[in-house]
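I have placed the structure first, in the form of structure tokens, so that the comments after it can refer back to it.
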Amino acid sequence: MPKYIFYPGCSMERSARPYLDSTLAIQETLGIQLEEVPDWNCCGATEYAASHLLPSYALVGRNLALAAKQTNGTRTLVAGCSACYLNLAKTDHYMRHDAQLADRVNTALTAGGLQYQAGSVTVRHLLDVLINDIGLDRIRSKVVRPLKGLRVAAYYGCQVPRPDYDRRFHNHEYPNQLEQIIKALGATVIDFPLKTHCCGGHMTQISEATAYEMIRQLVHGADQYQADLMASLCPMCQLNLDAYQVEMNKFFKTSYHVPTVFFTQLMGLAFGLDAKALGFGKEFVSAAAALAKIGVEAPPAEVDQVPPPAKLPRGKPSGLPMPRMPGQEE
Amino acid sequence: MAATPGDSRLEMCIQCGTCGGSCPSGADMDHTPRALFALIRADLRREVLRSNTPWYCVSCYYCTVRCPQEVHITDLMYTLKNLAIRAKLYEENPAAGLAETFTDQVENFGRSFEFGLATRHNLRHRPFSLPGLAPLGLGLLSKGRMDLTPRRIQNLDQLQRILARAKQLEEAV
Ligand code: SF4
Ligand code: SF4
């Protein structure tokens, strides 16, 4: 059974728990084994490097050093979160290309009794591993419950296709690996030109109007192409598109309803696994109607879920939301 | 700017404006990335470090992959944030506050703690927006998508020694 070194990251353990649960759930079906990096620390997301540049590389360096020590017959380090993946890949990339940086990171690591030789692990995103190592044929062969009739928008966000130091995705703006997997599961992939546009990242914490407009454009795009749901490969994107879709609707007084789930949850569904075990029911924008389309009964919704509107707003143009002046209340 | 890892290629900028045109946060920035690089070239240090541009960068890397001169724009934004903090020239802004809160968590626990992040950050920078977002936080909690207590890594001491040494090295430059 092929083994991988696995870095879950803080979000996958928390807000993106369904991503972790579904990823772990499908590994058996796919015949792979993900072994967690022992005692890994936070990757720093997009925040730590803002205030401490060199320490941010040392922070990630500790994870790389721990992963490199983990001898399990592989040197492939897999991450599911886009930011974790990028930070691991970036640190390794720059340590390979900048001897001074590598030297300084290692001087810092020595203080903790660690060392990392750049290039000793290969950092890859989960999507890359699933499509290139497992392959579409294998994935297709495991499908017992085809997602027939389900219209899915494949959403990549930014940090997997860009900067993509090792050129794994061939195209920075129009990759298609996620679509290929979703098609292999039997679902219909819709056109989604905004598939690599930004979800807003941490902008919800900084400038609401900017963040909500970014989220609105994505949700609107998926809605226009009549997507039943969006498939995400990143905890931050999913949080913004799901939890903040509710806030965005309040902000613009709109009633979009496009559930956003992780692509691994869809894989699990197609492999016949239990919807609850895959984390369905934890999304804010309920995916129950989408699941019903493929004959799966959604697990009991956990509180506060937004059910689909009785009358879908489709067909009628939703119009442009008007920006409000500062201080203008709802 | 030499602190940027690798070769940032800043001096290769031909002022074409592709970066600004690709930027999802462009509307909020006081200078487009292109304009900021012109200011750097003109050595207007104060103007550059006071700019809100790096703080509105969401690290989407559109500019970086589209730049015809392969300038490492996103990486430069991180360097500029660091320089602004060091020079104490940045305006008190939510983005810098977020980075600071996050940094504290990482250094004290080794993991980030989203519940703590959201509340501490909001209390500091947007006290009035907290009630509105409280349902979201509660929703995450009830869905088991957020914890009330931070998780601590086992070898926190090791991590702290590594980070302390890295900070010394950085300050020594
Ligand atoms: S895209 Fe590149 S060359 Fe063009 S203005 Fe921006 S940094 Fe300069
Ligand atoms: S990486 Fe930053 S500066 Fe570049 S396009 Fe994205 S938000 Fe704008």
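Those sequence lines, one after another, are chains A and B. Oh and the first sequence: position 112 is 111 in numbering that gives the first Met the number 0, straight run, nothing missing. Oh and the second sequence: position 45 is 44 in numbering that gives the first Met the number 0, straight run, nothing missing. We put the beta carbon where it would ideally sit given N, CA and C, even for glycine.
Minimum length 3: unbroken beta strand (DSSP E) runs contained in the segment 41-90 of chain A: 75-78
Reduced DSSP secondary structure (H/G/I, E/B, other) of R166/A: By one-based count along the first sequence, residue 166/A stands at place 167. Looking at R166/A - three-state DSSP - the assignment turns out to be coil, as it is neither helix nor strand.
Classification of I332/A by the beta-carbon crowding that lies within 10 angstroms, buried from 16 upward: Because chain A spans 0 through 329 in this model, residue 332/A falls outside it and cannot be assessed.
8 Å Cβ cutoff met for R161/A and V64/B: Stepping through the first sequence from its first residue, residue 161/A is reached at position 162. Stepping through the second sequence from its first residue, residue 64/B is reached at position 65. Result yes, Cβ atoms of R161/A and V64/B sit closer than 8 Å.
Cβ-based burial, N86/A [other Cβ within 10 Å; buried from 16]: Position 87 of the first sequence holds residue 86/A. So N86/A counts as buried.
Buried versus exposed, by CB contacts within 10 Å (16 or more), M202/A: Mapped onto the first sequence, residue 202/A falls at position 203. With at least 16 other beta carbons inside 10 angstroms of its own, M202/A counts as buried.
Chain B within 8 Å of D97/A, Cβ atoms only: Reading the first sequence from its first residue, position 98 is the one you call residue 97/A. With 8 Å as the cut-off, D97/A counts as an interface residue toward chain B.
Limits of the unbroken beta strand (DSSP E) element including A230/A: As a working mapping, residue 230/A is identified with position 231 in the first sequence. Where A230/A is concerned, the enclosing beta strand (DSSP E) stretches over 228-231.
For L184/A and V143/A, the rounded distance between their alpha carbons: Residue mapping note: residue 143/A aligns to position 144 of the first sequence, counting from 1. Residue mapping note: residue 184/A aligns to position 185 of the first sequence, counting from 1. Their backbone Cα atoms lie some 9 Å apart in a straight line.
Which of helix, strand or coil DSSP assigns to Q43/B: Counting from one through the second sequence, the residue named residue 43/B turns up at place 44. A small correction: the amino acid at residue 43/B is Leu; Gln does not occupy that position in the sequence shown. Here L43/B sits in coil by DSSP.
C-alpha distance - K68/A paired with Y115/A, whole-angstrom precision: Counted from its first residue, the first sequence places residue 68/A at position 69. Counted from its first residue, the first sequence places residue 115/A at position 116. Approximately 9 Å, taken between the alpha carbons.
Q153/B, DSSP secondary structure in three states: In the second sequence, counting from the first residue as 1, residue 153/B sits at position 154. Reduced to three states, the DSSP call for Q153/B is coil.
Simplified DSSP state of H124/A, which is helix, strand or coil: Within the first sequence, numbered from 1, the residue matching residue 124/A stands at position 125. If DSSP states are grouped into helix, strand and coil, H124/A belongs with the strands.
Status (buried if at least 16 other CB within 10 Å, exposed otherwise) for N81/B: Position 82 of the second sequence, counted from the start, is the residue given in the question as residue 81/B. Buried is the call here.
Element boundaries [alpha helix (DSSP H), containing Y211/A]: The sequence position of residue 211/A within the first sequence is 212, counting from 1. Unbroken alpha helix (DSSP H) run through Y211/A: 207-223.
Proximal residues to G43/A (C-beta, below 8 Å), its chain only, five neighbours per side dropped: Here residue 43/A refers to the residue found at position 44 when the first sequence is read from its first residue. Same-chain partners within the cutoff: S55, L58, V59, N86.
Euclidean distance between Cα positions of A1/B and H124/A: Position 2 of the second sequence, counted from the start, is the residue given in the question as residue 1/B. Position 125 of the first sequence, counted from the start, is the residue given in the question as residue 124/A. Cα-Cα distance, rounded: 30 Å.
Closest by C-alpha distance to L228/A, when choosing among Q158/A, F191/A, C197/A: To locate residue 228/A, count along the first sequence from 1; it is residue 229. It is F191/A.
S81/A CB to nearest heavy atom of ligand 2 below 7 Å: As a position in the first sequence, residue 81/A is number 82, starting the count at 1. Because no heavy atom of ligand 2 lies under 7 Å away, the Cβ of S81/A does not count as near it: no.
C-beta neighbour in chain B for H256/A, strict 8 Å: As a position in the first sequence, residue 256/A is number 257, starting the count at 1. It does not: the Cβ of H256/A has no partner Cβ on chain B nearer than 8 Å.
Closer than 7 Å: M213/A CB and nearest ligand 2 heavy atom: By 1-based counting over the first sequence, the position of residue 213/A is 214. Not under cutoff, so the answer is no.
Residue from A210/A, H256/A, G271/A, G267/A with nearest C-alpha to A289/A: As a first step, residue 289/A must be located in the first sequence, where it is residue number 290. Of A210/A, H256/A, G271/A, G267/A, the residue nearest in Cα terms is H256/A.
Residue-chain proximity (N86/A, chain B), Cβ-Cβ < 8 Å: Numbered from its first residue, the first sequence carries residue 86/A at position 87. No, N86/A does not count as interfacial toward chain B.
Sequence-distant residues of its chain with Cβ nearer than 8 Å to P37/A (five each side left out): For this step, residue 37/A is matched to residue 38 along the first sequence. Excluding residues within five positions, the ones whose Cβ falls inside 8 Å are L65, Q69.
Reduced DSSP secondary structure (H/G/I, E/B, other) of I4/A: By one-based count along the first sequence, residue 4/A stands at place 5. Looking at I4/A - three-state DSSP - the assignment turns out to be strand.
Listed by chain order, chain B residues near D38/A by CB distance under 7 Å: Locating residue 38/A in the first sequence gives position 39, where the first residue counts as 1. The answer, in chain order, is I152, Q153, N154.
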